[in-house]
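Respectively, the protein sequence lines represent chains A and B.
All residue numbers for the first sequence refer to my numbering, where the first residue is 3 and numbers rise by one.
All residue numbers for the second sequence refer to my numbering, where the first residue is 3 and numbers rise by one.
The block underneath contains the structure these notes are about, expressed in structure tokens.
2 protein chains.
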Amino acid sequence: MKIRQTLLMELAQISGSLVFNQIHSNGIVNPSYRMRPQIVLFGDSITEQSFRSGGWAAALADTYSRKADVLVRGYGGYNTRWALFLLHHIFPMGSAMPLVAATIFFGANDAALLGRTGERQHVPVEEYKENLRRIVQHLKNCSPTVLVVLITPPPIDEHGRLEYARSLYGDKATKLPERTNEMTAVYAKHCVELAKELGLPSINLWSKMQETEGWQKKFLSDGLHLTAEGNAVVHEEVVKVFNEAGLSAPKMPYDFPHHSVIDGKNPEEAFRNLCTGV
Amino acid sequence: MKIRQTLLMELAQISGSLVFNQIHSNGIVNPSYRMRPQIVLFGDSITEQSFRSGGWAAALADTYSRKADVLVRGYGGYNTRWALFLLHHIFPMGSAMPLVAATIFFGANDAALLGRTGERQHVPVEEYKENLRRIVQHLKNCSPTVLVVLITPPPIDEHGRLEYARSLYGDKATKLPERTNEMTAVYAKHCVELAKELGLPSINLWSKMQETEGWQKKFLSDGLHLTAEGNAVVHEEVVKVFNEAGLSAPKMPYDFPHHSVIDGKNPEEAFRNLCTGV
């Protein structure tokens with residue numbers, strides 16, 4: 003945590019020193035510039051949809067406004083097995099990407115049952131855990147100080163899933179849910195166990211959501227995906243974990259001066275340390 | 003437009019070819035990866051607040067989900083004169099940033115009146131226009147194919163501004179609005195003129211919003227900043243202009259395969275062209 007905090011402060015607070023110098027063919031040396039820290043949300047549809055109205059990525063981007071960029075790397079329908087194919091593309095080794103945190107939020111599809119309509123997406127729970135481990139290891143290889151947070155799949159409202167299928171397919175809809183809450187619990191348990199093994203923070207969304215009465219309709223729109231209130235739970239939990247891990251938005255400096263410190267008659271003074279070439 | 007479209011398709015569709023090769027000290031050659039195109043929103047508080055609930059950046063990020071990243075570079079209280087100090091830091095020359103579009107959305111602060119409470123932020127309209135020109139030129143120098151869209155400041159509800167001041171300062175609040183709708187019109191006119199001169203698309207938000215009856219309260223929360231409905235207008239207009247300029251989200255390819263084309267028993271096939279090192 004100390005190392006990450008130091009890195010973060012260095013990344014964000016550097017003022018007047020050159021973060022990157024670039025010399026072009028025309029001989030011009032570019033002025034220094036700071037790269038804003040990045041938070042990447044890697045996951046399935048629940049991550050992919052997180053910029054929708056009321057979504058947790060939008061809320062997180064607002065929480066970290068002028069402090070960090072929130073990039074969504076959500077892939078609807080993906081399980082951890084398929085996520086591995088993207089891993090090196092999304093998080094290339096040796097990238098200059100100033101990654102400070104990542105959420106890994108898979109499992110809803112891995113937990114789809116064999117012999118049901120979602121069979122194609124099923125991944126055995128032991129493999130799910132190992133895939134998560136590989137994702138974490140890759141991220142740590144890319145950036146040893148990155149804060150990695152594991153998020154379990156949300157609980158399943160089986161009745162809601164069947165209702166949703168009926169709304170799509172009518173009488174032809176499946177009568178057997180493709181996911182059960184009980185089976186998803188097993189995946190959630192393995193996710194939390196892995197986080198403990200690796201010394202990472204985790205969010206047990208599966209159990210957290212079920213603490214609230216009426217979670218089935220309050221937090222889930224179709225028995226699986228999140229309502230605005232469900233998104234708010236994820237946002238709140240992620241911010242809590244980030245804060246506890248030393249990545250607190252209020253403590254992070256602005257990338258550039260707040261307008262109130264800029265003197266209208268002498269604005270240069272506020273930007274003195276940026277060495278801009280304007 | 004043709005060039006931009008071609009670049010975009012190349013950026014996004016490249017499959018199996020190496021976008022970036024990186025050789026590390028350990029001799030490992032990284033697999034290829036694609037950088038997702040970026041859309042940068044550069045402006046003042048109306049841009050800074052655009053990830054808030056119902057905000058236009060969040061809506062845009064959702065529209066371009068899995069197609070492009072939306073990065074907010076909004077600086078509350080800034081005018082174009084101060085924006086110039088940030089320009090080379092936010093858009094460094096020679097950056098590998100795959101910038102495909104940028105919105106430039108200033109003027110609300112430049113148009114603050116001399117002799118009123120916002121005097122410090124005032125920038126003469128001719129200078130505002132020249133500052134915008136410098137911003138556009140810099141972006142074009144960084145990336146000749148980038149789509150640059152100029153957005154005028156929104157209209158001002160003077161009554162709303164005074165009400166807002168009263169809510170903050172009570173009887174001590176100013177009795178004279180620090181901005182007028184009439185003066186903001188002059189800035190909007192110069193913004194649109196510059197766009198015409200430079201052959202760029204623009205959004206005349208000042209006039210667009212006033213086409214709707216009750217725009218004062220419907221679109222503005224405090225006589226200047228946007229309500230969720232005001233944000234929706236900006237989102238709609240930006241998407242329209244992007245579409246007309248050939249940057250249409252539905253026509254842009256997904257960065258990675260849609261889950262429905264992945265064969266559960268043979269997932270490798272769908273990722274064949276990514277040459278991943280997994």
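Ideal Cβ positions, reconstructed from N, Cα and C, are used throughout, including at glycine.
Taking C-beta pairs closer than 9 angstroms, name the residues in chain B that A/Pro39 reaches, listed in chain order.
-> What A/Pro39 touches in chain B: nothing, since even the nearest Cβ is about 12 angstroms away.
A/Glu121 versus chain B: which residues are under 8 angstroms apart at the beta carbon?
-> Within 8 angstroms Cβ-Cβ: Gly266.
Residue ranges of each alpha helix (DSSP H) within the stretch 198-238 of chain A, 4 or longer | Within the stretch 198-238 of chain A, the complete alpha helix (DSSP H) segments of 4 residues or longer fall at 207-212 and 217-220, listed in chain order.
Report the partner residues of A/Gln40 according to the DSSP bridge assignment.
-> Note: A/Gln40 sits in a beta bridge opposite A/Asp71 and A/Leu101.
Closest residue to B/Asp112 among B/Arg168, B/Gly56, B/Asn183 and B/Phe53 (Cα-Cα distance) = Distances from the alpha-carbon of B/Asp112 to those of B/Arg168, B/Gly56, B/Asn183 and B/Phe53 put B/Asn183 closest.
By Cβ distance, which residues of its chain are closer than 7 angstroms to B/Asn81, with the 5 residues on each side in sequence left out?
-> Residues of the same chain with a CB within less than 7 angstroms of the CB of B/Asn81, apart from the 5 flanking positions on each side, are Phe108, Asn111, Asp112, Gln123 and Val125 in chain order.
With DSSP run on the structure shown, which of helix, strand or coil describes A/Val127?
-> Secondary structure at A/Val127: helix, using DSSP grouped into helix, strand and coil.
Name the DSSP bridge partner or partners of A/Ile106?
-> Residue pairing of A/Ile106 in beta bridges, as defined by DSSP: A/Phe44 and A/Leu152.
Just the Cα atoms here: how many angstroms apart are B/Thr154 and B/Gly201?
-> Rounded to the nearest angstrom, the two C-alpha atoms are 16 angstroms apart.
Would you mind stating whether A/Glu213 and A/Ala114 have Cβ atoms separated by less than 8 angstroms?
-> Taking 8 angstroms as the Cβ cut-off, A/Glu213 and A/Ala114 do not qualify as a contacting pair.
Of all Cβ atoms in chain A, is any one closer than 8 angstroms to the Cβ of B/Tyr77?
-> By the rule that beta-carbons nearer than 8 angstroms mark a contact, B/Tyr77 touches chain A.
Quick one: Cα of B/Lys267 to Cα of A/Arg83, how far?
-> So the two alpha carbons sit approximately 11 angstroms from each other.
Roughly how far, in whole angstroms, is the beta-carbon of B/His261 from the beta-carbon of A/Tyr77, given that I think they are within contact range, below 8 angstroms?
-> Right, their Cβ atoms sit about 7 angstroms apart.
What span of residues does the alpha helix (DSSP H) with A/Asp2 cover, start to end?
-> This structure gives no information on residue 2 of chain A, because the portion of chain A shown stretches from 3 to 280.
Segments of 4+ residues assigned as alpha helix (DSSP H) that fall wholly inside the stretch 151-181 of chain B | Correct list: 160-171.
Opposing strand residues paired with A/Gly76 [DSSP bridges] = In DSSP, A/Gly76 forms a bridge with A/Gly45.
Can the beta-carbon of A/Thr65 be found closer than 8 angstroms to that of A/Ala251?
-> Between A/Thr65 and A/Ala251, the C-beta gap is smaller than 8 angstroms, which places the two residues in contact.
Classify B/Gly29 as buried or exposed, calling it buried when 16 or more other Cβ atoms lie within 10 Å of its own Cβ.
-> Because the pLDDT at B/Gly29 is just 28, under 50, the model does not fix this residue reliably, and the value given afterwards should be weighed accordingly. Of the residues assessed, B/Gly29 falls on the exposed side of the cut-off, its CB having fewer than 16 other CB atoms within 10 angstroms.
Proximal residues to A/Glu50 (C-beta, below 8 angstroms), its chain only, five neighbours per side dropped = Excluding sequence neighbours, A/Glu50 sits near Val74, Gly76, Tyr77 and Gly78.
Taking Cβ-Cβ distances shorter than 9 angstroms, what residues in chain A pair up with B/Ser55?
-> Near B/Ser55 (Cβ distances below 9 angstroms), the residues of chain A are Ser55, Gly56, Ala60, Ala61, Asp64 and Ala230.
Of all Cβ atoms in chain A, is any one closer than 8 angstroms to the Cβ of B/Tyr80?
-> With 8 angstroms as the cut-off, B/Tyr80 counts as an interface residue toward chain A.
Could you pull out every residue in the same chain whose Cβ sits closer than 6 angstroms to the Cβ of A/Trp58, ignoring the five residues on either side in sequence?
-> Around A/Trp58: Ser52, Asn233, Val236 and His237.
Is B/His161 buried or exposed, if buried means 16 or more other CB atoms sit within 10 Å of its CB?
-> B/His161 comes out exposed.
Measuring only between beta-carbons, confirm whether B/Leu73 sits less than 8 angstroms from chain A.
-> It does; some Cβ of chain A falls within 8 angstroms.
Hey, is B/Leu276's beta-carbon within less than 8 angstroms of any beta-carbon in chain A?
-> With 8 angstroms as the cut-off, B/Leu276 counts as an interface residue toward chain A.
Using a Cβ-Cβ distance under 8 angstroms, would A/Glu50 count as near chain B?
-> For A/Glu50, the answer is yes, since a Cβ of chain B falls inside 8 angstroms of its Cβ.
To the nearest angstrom, report how far apart A/Ile264 and B/Glu121 are at their CA atoms.
-> Near 13 angstroms, if we compare the C-alpha coordinates of B/Glu121 and A/Ile264.
Hey, is B/Pro157's beta-carbon within less than 8 angstroms of any beta-carbon in chain A?
-> False, the Cβ-Cβ gap to chain A never drops below 8 angstroms.
Interface residues of chain A around B/Phe281 at Cβ under 7 angstroms?
-> What is shown of chain B runs 3 to 280, which leaves residue 281 of chain B out entirely.
Should the stretch 223-233 of chain B be called in touch with the stretch 161-171 of chain B, which here means at least 3 C-beta pairs below 8 angstroms?
-> Output reads yes: the stretch 161-171 of chain B touches the stretch 223-233 of chain B.
Select from B/His192, B/Leu170, B/Val151 and B/Cys193 the residue whose C-alpha is nearest the C-alpha of B/Glu239.
-> Just measuring C-alpha positions, the residue of B/His192, B/Leu170, B/Val151 and B/Cys193 sitting nearest B/Glu239 is B/Val151.
At a Cβ threshold of 8 angstroms, is B/Ser262 touching chain A?
-> Using a CB distance cut-off of 8 angstroms, B/Ser262 counts as an interface residue toward chain A.
Measure the alpha-carbon distance for A/Val102 versus A/Tyr256 and round it to whole angstroms.
-> Here the alpha carbons of A/Tyr256 and A/Val102 stand approximately 16 angstroms from one another.
So which residues of chain B does A/Arg83 contact, with C-beta pairs closer than 8 angstroms?
-> Here the neighbours are Pro269.
Alpha carbon to alpha carbon, what distance is there between B/Val138 and A/Leu276?
-> Counting only the Cα atoms, B/Val138 lies some 21 angstroms from A/Leu276.
C-beta atoms of B/Leu207 and B/Asn133 nearer than 8 angstroms = In this structure, B/Leu207 keeps its C-beta atom at 8 angstroms or more from the C-beta atom of B/Asn133.
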